[in-house]
Amino acid sequence: MVAVGEDVLHAEHDVLARVDDQFDDLAAAFRGTRTPLRGHVEAIRDGAGELAGALDAGATAFGLSWDAVLGVLEQTAGLVAGNVGRLSVDLEAVDVDASTSITL
Numbered sequence: 011m012v013a014v015g016e017d018v019l020h021a022e023h024d025v026l027a028r029v030d031d032q033f034d035d036l037a038a039a040f041r042g043t044r045t046p047l048r049g050h051v052e053a054i055r056d057g058a059g060e061l062a063g064a065l066d067a068g069a070t071a072f073g074l075s076w077d078a079v080l081g082v083l084e085q086t087a088g089l090v091a092g093n094v095g096r097l098s099v100d101l102e103a104v105d106v107d108a109s110t111s112i113t114l
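According to my numbering, the sequence shown holds residues 11 to 114 in order.
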């Protein structure tokens, strides 16, 4: 329990731990999606056969853009996990099971 002015904030530690774990899992899921996505880009090229050259630039852009999006989502979920239960936000506290850190 923490007093902020006249207001009192209360959170159960087990609830905070579950929320932290959920965001850790979400970050891991985004990280785990990046590798299979690269395989799909290759499958697009392979499936195009003789037209692969015409699709190459688009397939590359598709793969790079989704890789970037998933990277941002992974990092964002890690930032949320690192700040669960705090009264202020530390944008350098990344808790993706303590395996990732960023410098701002």
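No residue lacks a Cβ here, since even glycine has one placed at the ideal position from N, Cα and C.
Under the rule that 16 or more other beta-carbon atoms within 10 Å means buried, what is Glu16, buried or exposed?
exposed
Tell me the rounded alpha-carbon separation between Arg94 and Arg48.
At residue 94 the sequence reads Val, which differs from the Arg that was named. So the two alpha carbons sit approximately 32 Å from each other.
Candidates His50, Gly59, Val90: which alpha carbon is nearest Ala71's?
His50
Below 8 Å between beta carbons: does that hold for Asp190 and Arg55?
Look at the range of the chain in this structure, 11 to 114, and you will see that residue 190 is not part of it.
Does the beta-carbon distance from Ala91 to Phe40 come in below 8 Å?
no
State the CB to CB distance for the pair Glu84 and Ala27, rounded to an integer number of angstroms; the pair is presumed to be in contact (CB under 8 Å).
Their Cβ separation, rounded to whole angstroms, is 21 Å, which puts Glu84 and Ala27 out of contact at 8 Å.
Would you call Ala53 buried or exposed, if buried means 16 or more other Cβ atoms sit within 10 Å of its Cβ?
exposed
Quick one: Cα of Glu60 to Cα of Gly73, how far?
20 Å
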